Structures are given as structure tokens and as C-alpha cells.
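**Student:** Residue numbers (the numbering used here), protein chains in the order written: chain A, 758 to 986; chain B, 6 to 85; chain C, 6 to 85; chain D, 67 to 820.
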Amino acid sequence: MKAAILVFPGSNREVDVAQAIELVTGRKPQMIWHGDGDFEKTDLIVVPGGFSYGDYLRCGAMAAQSPVMAEVKRRAAQGVPVLAICNGFQIAAEAGLLPGVLMRNAHLKFVCADVHLKVETSQSLFTNRYQEGQVIRVPVAHAEGNYFADEATLKRIEDRGQVAFRYCAPDGTVDGTGNPNGSIRNIAGVFNESKTVMGLMPHPENAVEPMFGGTDGKALFEGLVEALT
Amino acid sequence: MKARVHVTLKNGVLDPQGKAIGHSLNRLGFAEVGDVRQGKFIELELAETDKEKAKTRLDEMCRKLLANTVIENYSIELVG
Amino acid sequence: MKARVHVTLKNGVLDPQGKAIGHSLNRLGFAEVGDVRQGKFIELELAETDKEKAKTRLDEMCRKLLANTVIENYSIELVG
Amino acid sequence: MSSKPTAVEKNPPVKLTNEPAITPQVVAEHGLSPDEYQRVLGIMGRTPTLVELGIFSAMWSEHCSYKSSKVWLKKLPTKAPWVIQGPGENAGVIDIGDGQAAIFKMESHNHPSYIEPYQGAATGVGGILRDVFTMGARPVANLNALRFGEPQHPKTRHLVSGVVAGIGGYGNCMGIPTVGGETNFHASYNGNILVNAMTVGIAPSNRIFYAAAAGVGNPLVYVGSKTGRDGIHGATMASTEFSEDSEEKRPTVQVGDPFVEKLLLEACLELMATDAIVAIQDMGAAGLTSSSFEMAAKGGLGVVVELDKVPMRETGMNPYELMLSESQERMLIVLKPGAEELARKIFEKWELDFAVIGHLTDTQRMVLSWHGDIVGNIPIPPLVTEAPVYERPWTLTPLPAVLDAANVPMPKDWRASLITLMSCPDLASKAWIWHQYDHLIMGNTAIRPQDGDAALVRVPPGANGVGHKGLAMTSDCTPRYVQAHPETGGRQAVAEAWRNITAVGATPLAVTDNMNFGNPQKPEIMGQFAGAIMGMAEACTALDFPVVSGNVSLYNETEGKPILPTPTIGAVGVIEDIGHAVGSRITQAGLAIVLLGETVGWLGQSLYLRETLGREEGAPPPVDLLIERRNGDFVRGEIVGRRISACHDLSDGGLLVGLAEMCLAGGTGVTVTLPESIAPPHAFLYGEDQGRYLLATDDGGALLAAAQAAGVPAVQLGYSGGPDLIVQGLLSIALSDLRAAHEAWLPDYMNSAA
Ligand SMILES: Nc1ncnc2c1ncn2[C@@H]1O[C@H](COP(=O)(O)OP(=O)(O)O)[C@@H](O)[C@H]1O
Ligand SMILES: [Mg+2]
Numbered sequence: 758m759k760a761a762i763l764v765f766p767g768s769n770r771e772v773d774v775a776q777a778i779e780l781v782t783g784r785k786p787q788m789i790w791h792g793d794g795d796f797e798k799t800d801l802i803v804v805p806g807g808f809s810y811g812d813y814l815r816c817g818a819m820a821a822q823s824p825v826m827a828e829v830k831r832r833a834a835q836g837v838p839v840l841a842i843c844n845g846f847q848i849a850a851e852a853g854l855l856p857g858v859l860m861r862n863a864h865l866k867f868v869c870a871d872v873h874l875k876v877e878t879s880q881s882l883f884t885n886r887y888q889e890g891q892v893i894r895v896p897v898a899h900a901e902g903n904y905f906a907d908e909a910t911l912k913r914i915e916d917r918g919q920v921a922f923r924y925c926a927p928d929g930t931v932d933g934t935g936n937p938n939g940s941i942r943n944i945a946g947v948f949n950e951s952k953t954v955m956g957l958m959p960h961p962e963n964a965v966e967p968m969f970g971g972t973d974g975k976a977l978f979e980g981l982v983e984a985l986t
Numbered sequence: 006m007k008a009r010v011h012v013t014l015k016n017g018v019l020d021p022q023g024k025a026i027g028h029s030l031n032r033l034g035f036a037e038v039g040d041v042r043q044g045k046f047i048e049l050e051l052a053e054t055d056k057e058k059a060k061t062r063l064d065e066m067c068r069k070l071l072a073n074t075v076i077e078n079y080s081i082e083l084v085g
Numbered sequence: 006m007k008a009r010v011h012v013t014l015k016n017g018v019l020d021p022q023g024k025a026i027g028h029s030l031n032r033l034g035f036a037e038v039g040d041v042r043q044g045k046f047i048e049l050e051l052a053e054t055d056k057e058k059a060k061t062r063l064d065e066m067c068r069k070l071l072a073n074t075v076i077e078n079y080s081i082e083l084v085g
Numbered sequence: 067m068s069s070k071p072t073a074v075e076k077n078p079p080v081k082l083t084n085e086p087a088i089t090p091q092v093v094a095e096h097g098l099s100p101d102e103y104q105r106v107l108g109i110m111g112r113t114p115t116l117v118e119l120g121i122f123s124a125m126w127s128e129h130c131s132y133k134s135s136k137v138w139l140k141k142l143p144t145k146a147p148w149v150i151q152g153p154g155e156n157a158g159v160i161d162i163g164d165g166q167a168a169i170f171k172m173e174s175h176n177h178p179s180y181i182e183p184y185q186g187a188a189t190g191v192g193g194i195l196r197d198v199f200t201m202g203a204r205p206v207a208n209l210n211a212l213r214f215g216e217p218q219h220p221k222t223r224h225l226v227s228g229v230v231a232g233i234g235g236y237g238n239c240m241g242i243p244t245v246g247g248e249t250n251f252h253a254s255y256n257g258n259i260l261v262n263a264m265t266v267g268i269a270p271s272n273r274i275f276y277a278a279a280a281g282v283g284n285p286l287v288y289v290g291s292k293t294g295r296d297g298i299h300g301a302t303m304a305s306t307e308f309s310e311d312s313e314e315k316r317p318t319v320q321v322g323d324p325f326v327e328k329l330l331l332e333a334c335l336e337l338m339a340t341d342a343i344v345a346i347q348d349m350g351a352a353g354l355t356s357s358s359f360e361m362a363a364k365g366g367l368g369v370v371v372e373l374d375k376v377p378m379r380e381t382g383m384n385p386y387e388l389m390l391s392e393s394q395e396r397m398l399i400v401l402k403p404g405a406e407e408l409a410r411k412i413f414e415k416w417e418l419d420f421a422v423i424g425h426l427t428d429t430q431r432m433v434l435s436w437h438g439d440i441v442g443n444i445p446i447p448p449l450v451t452e453a454p455v456y457e458r459p460w461t462l463t464p465l466p467a468v469l470d471a472a473n474v475p476m477p478k479d480w481r482a483s484l485i486t487l488m489s490c491p492d493l494a495s496k497a498w499i500w501h502q503y504d505h506l507i508m509g510n511t512a513i514r515p516q517d518g519d520a521a522l523v524r525v526p527p528g529a530n531g532v533g534h535k536g537l538a539m540t541s542d543c544t545p546r547y548v549q550a551h552p553e554t555g556g557r558q559a560v561a562e563a564w565r566n567i568t569a570v571g572a573t574p575l576a577v578t579d580n581m582n583f584g585n586p587q588k589p590e591i592m593g594q595f596a597g598a599i600m601g602m603a604e605a606c607t608a609l610d611f612p613v614v615s616g617n618v619s620l621y622n623e624t625e626g627k628p629i630l631p632t633p634t635i636g637a638v639g640v641i642e643d644i645g646h647a648v649g650s651r652i653t654q655a656g657l658a659i660v661l662l663g664e665t666v667g668w669l670g671q672s673l674y675l676r677e678t679l680g681r682e683e684g685a686p687p688p689v690d691l692l693i694e695r696r697n698g699d700f701v702r703g704e705i706v707g708r709r710i711s712a713c714h715d716l717s718d719g720g721l722l723v724g725l726a727e728m729c730l731a732g733g734t735g736v737t738v739t740l741p742e743s744i745a746p747p748h749a750f751l752y753g754e755d756q757g758r759y760l761l762a763t764d765d766g767g768a769l770l771a772a773a774q775a776a777g778v779p780a781v782q783l784g785y786s787g788g789p790d791l792i793v794q795g796l797l798s799i800a801l802s803d804l805r806a807a808h809e810a811w812l813p814d815y816m817n818s819a820a
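#1: Less than 6 Å between C-beta atoms, sequence neighbours within five positions excluded: which residues of the same chain meet that for Glu82/C?
#2: What's the gap between the Cα of Phe359/D and the Cα of Glu414/D?
#3: Exposed or buried, which one is Pro475/D when buried takes at least 16 other CB atoms within 10 Å?
#4: Restricting to Cα atoms, I'd like to know which of Val825/A, Met955/A, Thr782/A, Met860/A is closest to Ile789/A.
#5: Classify Thr782/A: buried if its beta carbon has 16 or more other beta carbons within 10 angstroms, exposed otherwise.
#6: Exposed or buried, what is Thr302/D when buried is set at 16 or more other beta-carbons lying within 10 Å of its beta-carbon?
#7: Measure the beta-carbon distance from Ala409/D to Val282/D and round it to whole angstroms, keeping in mind my assumption that it falls under 8 Å.
#8: Give me the subset of the region 807–823 of chain A whose CB atoms are less than 7 Å from a CB atom of chain C, sorted by chain position.
#9: Is Ala520/D closer than 8 Å to Ala569/D when the C-beta atoms are compared?
#10: In angstroms with no decimal places, state the Cα-to-Cα distance between Ser305/D and Ala900/A.
#11: What does the alpha-carbon distance come out to for the pair Tyr887/A and Ala976/A?
#12: Thinking just about the alpha-carbon of each residue, which of Ala777/A, Val772/A, Leu780/A, Ser823/A is nearest to the one in Asp795/A?
#13: Runs of 3 residues minimum, wholly inside the region 655–720 of chain D: which ones carry the beta strand (DSSP E) assignment?
#14: Taking the alpha carbon of Asn262/D as the point to measure from, which residue in Trp564/D, Gln218/D, Val191/D has its own alpha carbon closest?
#15: Is Val84/C close to chain B? Criterion is C-beta to C-beta, closer than 8 Å.
#16: What residues in its chain sit with their C-beta under 6 Å from that of Leu796/D, if we drop five residues either side in the sequence?
#17: So, with DSSP's three-state summary, where would you put Ser135/D?
#18: Tell me whether the beta-carbon of Gly290/D lies closer than 8 Å to the beta-carbon of Glu128/D.
#19: Where does Lys171/D sit, in a helix, a strand or coil, going by DSSP?
#20: Assign Tyr456/D to one of three DSSP states: helix, strand, or coil.
#21: What is the DSSP secondary structure of Phe875/A, reduced to helix, strand or coil?
#22: For the region 362–390 of chain D, list every residue whose C-beta sits within 9 Å of some C-beta in chain C, in sequence order.
#23: Closest to Gly974/A by CA distance: which of His873/A, Gly939/A, Ile762/A, Thr878/A is it?
#24: At least one CB of chain B closer than 8 Å to the CB of Glu77/C: is that the case?
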């Protein structure tokens, strides 16, 4: 699997996700500078976490307008898979690649902690190595991960199975206790309609080694490798 | 010329910041405070003399960057 | 009655937000945009009918919570 | 560019329009004593211009000159075979093997954080980060040591939330994990909180960058943010006269821009990978003044600074403001000749300002030009060699009488006493704080906050691809001990830091300190400083634990009331194989719980005494450094020998608190029995005797035998297992109850009515 990772001024988890991908593929992904409107063909595009352009106006708003994102939109339209993590999710949402928006956490504080996620479907490039209903433990680290969409959008994405992950309690119960940021219906990750683009707030890339946060995130990357090579 | 842009959350969109501010004001003893909403206020210097041109450009800026029209409204005023 | 409060950074205080917004507007081709400053805009519902009372209370709110007078200015207006 | 002073450089500096005369009042406003001003006249041979006066004032301030503390800091041991750079540079540097070096320092931002908690704390983090990456390191971890007033003080809640948000806001955006620290509350900090920030970075040991300028004619380059009127302090209000700018245009609080700092970090590391740099120095306190001065002074050279070339954020700025501004996210670099374009490209790629603002000369003078006029011309060496140094009078604090445990009542209700301690502000969980810090980014965090005595971060393999080292870091100080007896307190702070590093299995290597004290002109305060230094020096020497960097913050007083003397110790250690490290979490049943070290039951200055009886008295627990070392070396050997599954040092709150912390961290209970002891139960369980550890191991017998062979007192207390913490015959408490009390205090406090 050939992967490309976007790098914006202010990106800061691009190294983490590069390490995770190298761990499962054995090869270094290519890093793409935000100014580059054009880059070589890849099997996967990753929009990583961080504070692109400082995230000063709205998280992801400025990055969504960058030349490289115009190219990403073009390729996504052609079906090139895109994995958008944390700030990447915010960017993809701002760029209209994914439904909904990410608002300030309900408690208004940055939160860095392990959370539990309920896998909503195994029917996707990104989740094929998980069981539907499986509970995994991965960390979040954000101040604006409070997912919001209007009723119509929610109904649509839920009917079409576009919800990838929901925050839950360790036992899998989906309720307020497991929700770290106030996301509507505990939504932690969503797909686009064709399920070729996935955005999620949690960081699977920080859960790929036993000593460093566990390995529950590894299957996501292994699944991608399986599907894309 | 100078422009002032207000970006506010649409009705029905939850506003955690506003709610928190309302809470703390009540807690601080300002019982008369009811609903509170927080928005953004952006002042821009424009090298543009034609009011109409400026307005259309500002409108473009808001839709492209300053506001997320999925959840936010914006209003534009030109000062001098 | 309704009140609108603007909280803005004092002159000379660095405004990273404003700077970044100006930058990306220029980058997006809005070359006419010069200096940009971002502030907060807060709307409050008040269970208070006396304008004067409201003003003094709002002033108190600003100094106590809404603005950090070390680096920010605030202005208050009452609507209806 | 000529290196000799040009004709114009020889002229006396021109005064600026409306520049105020240098009256005694102006001198006083610049914090210079009449005697210090006489030195200035002696050095200058004429009345200084206002800019020159401002420069003397900044360079001779306590902050830059260490005039009150210098004579004492000299007494700290700073050398060891693994020390690459001791105090004197931007940060300390130690060799950690595999061709790698750890670079670290701690710095205070106390006063700014009290005035504007968010920005004050944020810029504190920004400043210490620059100190570390200016030397060529990529920062890999942040820590922070916080001291707030008593919880019931009206300002405390606001300060806690602002400071924590500011530290997180800056570090999180920079993408550097904040992995540890400490947080205390005490009335003495009501009007003067302490915010001490520490950064640890890693660099190839053959690619360290220093501040000493070299190469007459070499260009002096300014990079980063533009210069505004940030942080030009009260003294400088003298300058208001010569511009009509309103007071409002002179914010004394700096605002940080972590986004720009992140760009600056990446740009600097990119430039450092080339060989374009001769010297580099961040602009910290006293901005352009101290940075340019230090670079020239360290290189024994002179410098011409063309102030009109400095990138400015505002109109109407004058040389005085440009020299003294403390705008953040700026660096000064001396480049090799001809490297300008290469460097410019890199900084422009990162959208940062880049300007050549001067060059080096051999005149040993600092010459400031402003649109062709010379506005300042100061000889550099005397400003350093003739800087005031004070041997302030000092009186040591006498050792208080030892408190006999017999005179301290037993708890009437053991359960209640433990709950009280576990939920008291100093011992309650600080999760509310560290969950606001990204402590996982970079993917190298092996021991997270609360899971061990020290934070543990993986060191990426060296250039040769070798190594799976771990870097252990901690920050410690027990101000109430230092208050009671500074020498003992200084000794204890160093010993606890050493113990915390040891408790995860790492070898303690070096120390950075942050000396927070009151007004040094009071003999008893200077005595506290002196005593603390003596204790620290003794401990650092005995433990081979040299001080490689540090910071001094004096005059921490409000209305003449000083803070508790707080010499914060930041420490770093290394474990060769990170896989061998242990935390303090008891995660399985059936493990033997063993207490190492001697317990006489020392209740003087204990938290039991303070929190359950409201008494702050007695002599603090003594620290025997030989025993400390013997016990620690033994523990470390057992851990790296893979014979230990959890370890926790005993400090605040004593044995029972340490045991409770291990149970909560790992979610497993224990049942222990009090051994034969000279100490009564409350002294045994709550005494704060030093040099002790609690260990969990699956072979208690082997550990006891090994301890005996090593001459280390050891006793098995019981076994792990079950949902409760049980002390036979004294108390039994469900971990769930303990957890509720331990974890609820801080969030409840922060959420309760202001
Ligand atoms: N301000 C802070 N920032 C980050 N971590 C903190 C802070 N305050 C406390 N902690 C963490 O909480 C835990 C308990 O702190 P402390 O009681 O000081 O540990 P110890 O007694 O072992 O020195 C430690 O892991 C420490 O790193
Ligand atoms: Mg400790």
C-alpha cells in the first residue's frame, strides 16, 4: 500500500501516523507539503492531526482552502481513499468531503484520554479487520471534536450506515458516560456516502504498540493494507 | 476602508461557549442573565474604495472562509 | 431586554487569530485585505427593564468575566 | 562590511527627539540603585542615552544578572563525565549514549501568570521550549510545577483554570507531550503563584548549537515573529514621553503564538541540518538586548545592530522599545558568510520573518544604529565583568525541635483519615489538569501521569539506528520541608527527584532547578536560599546528580509576605531498555508487597499532621544520602533485573498513601499487616521517613533475601488482590470509595460556584 500524508503548517501528528503506517507496511509513506497542488499517485491519502495554520478561525477552515486539499477533493471524487484523523477530520468536514461539523467540546476543555469506541460496521476499507459491535480502546486529544449535524443529515447518514464509530463505555453501552466531548449521538467517526473517505476524532495511530497505548488501533491500518494492496 | 463582520451561530445550533458564559454569570450573581450566545467579531482593513465591490468581496470571504454556513450566519457592515 | 457586548484586543496586543485570518485571506486571493483583528461578540438576554441599571450591571459583568481588561477592551450596547 | 568602528560609530550617540533627560527618577524607574548608576557612568564615561540606560537596566536586572544568587549558585556541583554542557548556556546538555544528548531546563513565569494566567503560562512554555530547541534539540517532553494559593482564596480557581489552559494551549499546539509535573496549594501563594515549566529535548550529541558568536563581519540575522511593544515593563514607562503612544499601546503582558513557534521550531531544525549556523540564541527576557549582548560577549566580539532593519509589528516604534521588547517567538542567529540566501529560503518557506539586522565586529562594543545615526554605543566586557554582584546578608533557619510521635494523636477513625488525605488538595488526583495536556502525542509515552513516579518517554534510536532507551523525567519539591529547615528541604527535594527516577528503573543523570524565593534583601529569605542551596549541593554531590541548568525567581512576595521557599527540582534519567521499566500500578493479585527502607515514623511536617490535625510543625524528615543511595541503587538493580512488577517511592502522606496510590493506579487491592515496629501505627503508616519504596513482586522471598544481602532494610507487608485496601485490624476500604474521594476533589472544586 502506497500512502501519502499531507503536511500543513501546524500539523503535528503526521509523524505519529507515518510511524504507524510504516509499522504495518514496512515502508515510509510520502509526506506532501500543503503548497503542492500535485503529487504522485497513491493508494491512500491521510489528513493528519494537528493545528493546521494554528486552527485560529475554525479548526480546519483554513487548511480546507489550501491547494493540496483541492487536489485531495479531486482524487477523492475519483475514489481514492482518504483517512482523516482529528484535525484531518475537521479539515475534511470543512472541505465538504464528510457530513457534519466539529464544534468546541461541550465542556470547553482540551481532552487527552483513552476512550472506548463501538465499531458500527466492518463493511468498509477502514474497518474490515474489526467486528461490528466490537469495543476498542484508543486515545483522543482535541478541543473541538464535538460532532454536530442537523436532524436530516443525521437520519441520512445513519440510514446509510455512514457512522463508523461511536463513543461508548468499556462494556459497549453507548451513553453519556463514554462521550468525551458532547458529540451528538456519540458519533466519533463517519464515512462519506461511498465509504471511501473516513474521518474520526480518535487517534488509532497512537494505539499500535503494547507499551505505548495498546494495539487496538493497529487493525485499522492492517485492514487498509489488506484492502489496498 | 474598514469592514466589520459578525459571525454568529444559527438558531438551533448548540452553543457550549454561550451556555458556559451564562452559567458563570448566573453563578457570579448576575441572576438577570438569561440566554447567552457567543459569536465572532472580525474587523478588516480593505484597500478598496468602491462600497459595492467591497460588499461582494466580503460576502465571498465570508462564504469561503470566515463563516461555516452549515452552522453559522454572518453579517457585514462597512465603516468609512 | 437584549444586550450586545464586543470584546476586542487592545491596540498593540498581538492578535494571532487576526494575523492568521488576514494571511489566509491574502492567500485565497483577497489581496485587498490588510490588517485583520478578531474579537468576541456576545449577545445576552437580560431580565432587566431599567437601561441604566442594565448598563452598570453589564459593565460589571465585562470587568468580572467577559473581558480581560489587561489585554482587552469592551463595549456595551443595549438593543430594545 | 567593515569590522572596525566607522567614523560615525566613534561619535557620541545622538539623542532621539523628545528623549527625556536621565534624571535620578528615570534611573530609579529603571530599577538601578544610585550606586549601580555610578558604575554605569564609570563604564560609559558620560551620561547614557535612554536606550543605553534601558540596556544596563535589563542586563543588570536580577533576572539577567543573578546578582543576588550568583555567589550561591556557584556552590552547586555541575560536572560529571556525562555532562556535555552545564549552566551558562540556554539549557543543560547531557550524554545519554548512542550518540544522543538530552537537553533540558526549567524556567519560571510566576508574575505574568498571576496577572494574565492563560497568556502568562502559555508564554512560559513557549520560552522554555525555545531555550531547548535553540541548542539543536527537538523537544520530546514538557513538565510543569505549579503552586497555587489555598483553594478557598477567591482568585485560586480562576488562576488554576487559566494557567492549565495556557500550558495546554501552547504545548498541545506545538505537538510536544506534557507528561508530568506537580501541583500544590498553600496560602503563602495566594498573591504570588508559581508556574515553573520544564522542557526536555533530544539532539545528536555532535550537533549541539551554542550562543557564542564568532567571525568578524558575519551577519546577524533576526528570525521569527515581528517585534511589537510586548512586555515592556513598568520601568520603561519613562519612554512614554518620547512618543505620543498611549499607555494602552504598551501591554506588559506578552501574548503567545504557538503556531508561529511550531513553524520556528521546524525552520530552525531545518537550518540546523545545514552547516550555515555559527551561533544561535533565542530572544527571551530583555529580548534583543540580552540575546545580542550574550552572543557578542561570549564570543569576545562586538556587534553592530541596525535597529531600523528589525521587523516591526507596529508603526512609530523607537530603538528603546525595539531593544527591550519581549515579543515572543523570535530568534537571533549568526550565519556563516554567504549563507543568508539559503537561510532566507528556509524561513520564507515557513512564512516567518527573516532580516539581516547587523554584523559582528572586533570592537567589543555594542553599537546601535537607527536610520544611519548611532543611538547607542556600549563597551561590552565591562558591562559583564563590572556587573553588580551582591553577597547579601543571610541568617540560616534553625532546625525546629523534632516532633515526638507520642505527642501526635492517633486517628479516631482510620478510614476517615485516609479519605481526608487522599482527597486533600496536595494529594488529590491531578487528572483534571493533565487530561487537558496532550501527553500522548509523538507516540512515545510509556509511563503516563499518575502511572509512575516519573514520566517515561521512548528515545528514538540514534543515527546508527541503535538503542531502545527510555528517558525518565520528574519534578519535585516539598516547600513545607524547605520552610521548616531549608538545608533539609533542599536535600529532600533532590533526593525525591532522584528517587522518582529510580522508582521506574532509570538511572538518575542530572538536574535542572528553579529557585523560587521571596525578597533576597531580607536576611532570613537569603538564609532560606543559602540553606536550600547547601542542602541541594550536598545531595547532588552524594548522588552524582549534577545541576546542568536552572533559573532563579526572587521577590515572590505580596504585602511583604513571602511564599514558602520553593526550590523546584527537575530531573532526568535514562533506562537502557525501556522494556524493563516499571510503573507504580498494581495490576494483578497474589503479588508480595514489600516495604524497603527504614521507618522510624517521622510525623514532623507530615501531611497527616497538617491535613487531619491542622498543625504545621516539627523538624522535617532527615535525609541520609548514603542510605538514600544504597536503597535506590538496590531498587534499580531489582527492577532492571526484571524481578519487580510495580514500584512507588514514599513521599507525601507516607506508606498508607503510597499504598493507596498503587492500588488505585492499577485497580487492584491489597491486604497488609503491620510488622513489628518501634513506631506506633499512625507514625508507621503516615510518617514521611525518606529513602523508602514500596515494591510489588511475585517472589517476595527472593526480594527479602536480596535486600538482606545488600544490607537494605526490607519487610513484606502482605499481598495484592481483592477490591479493597485492607490493613489488618485497622481499616478496610473499598478502592471504589477511595477512588471517588481521590478523583472527585479537583473537578468538584473547579466546577463549584466561584
Ligand atoms: N501540573 C501537572 N502537570 C502534569 N502532570 C501533573 C501535574 N501535577 C501532577 N501531575 C501528575 O500527577 C501525578 C502525581 O503527582 P505527585 O503527587 O507530585 O507525584 P509524586 O508524589 O510521585 O512526585 C504525577 O504523575 C504527576 O506527573
Ligand atoms: Mg514522588
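Ideal Cβ positions, reconstructed from N, Cα and C, are used throughout, including at glycine.
Here the structure is a predicted model, which is why all the values come from computation and not from measurement.
**Tutor:** Once the coordinates are examined:
#1: Locating residue 82/C in the third sequence gives position 77, where the first residue counts as 1. Around Glu82/C: Arg9.
#2: Counting from one through the fourth sequence, the residue named residue 359/D turns up at place 293. Counting from one through the fourth sequence, the residue named residue 414/D turns up at place 348. Near 26 Å, if we compare the C-alpha coordinates of Glu414/D and Phe359/D.
#3: What you label residue 475/D is simply residue 409 of the fourth sequence in a count that begins at 1. The residue in question, Pro475/D, is exposed, as its Cβ has fewer than 16 Cβ neighbours within 10 Å.
#4: Counting from one through the first sequence, the residue named residue 789/A turns up at place 32. Ranked by Cα distance from Ile789/A, the options Val825/A, Met955/A, Thr782/A, Met860/A are led by Val825/A.
#5: Reading the first sequence from its first residue, position 25 is the one you call residue 782/A. Buried, since its Cβ has 16 or more Cβ neighbours within 10 Å.
#6: For the purposes of this step, residue 302/D is taken as the residue at position 236 of the fourth sequence. The predicted position of Thr302/D is uncertain, since its pLDDT is 42 and thus under 50; a value taken from the coordinates is nonetheless stated next. Thr302/D comes out buried.
#7: Counting from one through the fourth sequence, the residue named residue 409/D turns up at place 343. Counting from one through the fourth sequence, the residue named residue 282/D turns up at place 216. With a Cβ gap of about 19 Å, Ala409/D and Val282/D do not count as contacting.
#8: Tyr810, Gly811, Tyr813, Leu814, Met819, Gln822
#9: By one-based count along the fourth sequence, residue 569/D stands at place 503. By one-based count along the fourth sequence, residue 520/D stands at place 454. Result yes, Cβ atoms of Ala569/D and Ala520/D sit closer than 8 Å.
#10: To locate residue 305/D, count along the fourth sequence from 1; it is residue 239. To locate residue 900/A, count along the first sequence from 1; it is residue 143. Residue confidence is low: Ser305/D scores 35 on pLDDT, short of 50, so the model does not pin down where it sits. No coordinate-derived value is stated.
#11: In the first sequence, counting from the first residue as 1, residue 887/A sits at position 130. In the first sequence, counting from the first residue as 1, residue 976/A sits at position 219. Note on geometry: alpha-carbon atoms of Tyr887/A and Ala976/A lie some 7 Å from one another.
#12: Here residue 795/A refers to the residue found at position 38 when the first sequence is read from its first residue. Measuring from the Cα of Asp795/A, the nearest candidate turns out to be Ser823/A.
#13: Entirely contained in the region 655–720 of chain D, the beta strand (DSSP E) runs reaching 3 residues are, in chain order, 658–662, 712–715.
#14: In the fourth sequence, the residue the question calls residue 262/D occupies position 196. The candidate whose alpha carbon is nearest that of Asn262/D is Val191/D.
#15: If you number the third sequence from 1, residue 84/C lands on position 79. Cβ-Cβ to chain B under 8 Å: no for Val84/C.
#16: Taking the fourth sequence and counting its residues from 1, the one referred to as residue 796/D is at position 730. Taken in chain order, the residues that qualify are Trp480.
#17: Here residue 135/D refers to the residue found at position 69 of the fourth sequence. If DSSP states are grouped into helix, strand and coil, Ser135/D belongs with coil.
#18: If you number the fourth sequence from 1, residue 290/D lands on position 224. If you number the fourth sequence from 1, residue 128/D lands on position 62. Not a contact, by the Cβ cut-off of 8 Å.
#19: As a position in the fourth sequence, residue 171/D is number 105, starting the count at 1. DSSP places Lys171/D in strand when its eight states are reduced to three.
#20: In the fourth sequence, the residue the question calls residue 456/D occupies position 390. Coil, per DSSP.
#21: Position 118 of the first sequence holds residue 875/A. A quick correction: the sequence has Lys, not Phe, at residue 875/A. Reduced to three states, the DSSP call for Lys875/A is strand.
#22: Those would be Arg379, Glu380, in chain order.
#23: Here residue 974/A refers to the residue found at position 217 of the first sequence. Here the closest residue by C-alpha is His873/A.
#24: What you label residue 77/C is simply residue 72 of the third sequence in a count that begins at 1. Judged by the 8 Å Cβ criterion, Glu77/C is not in contact with chain B.
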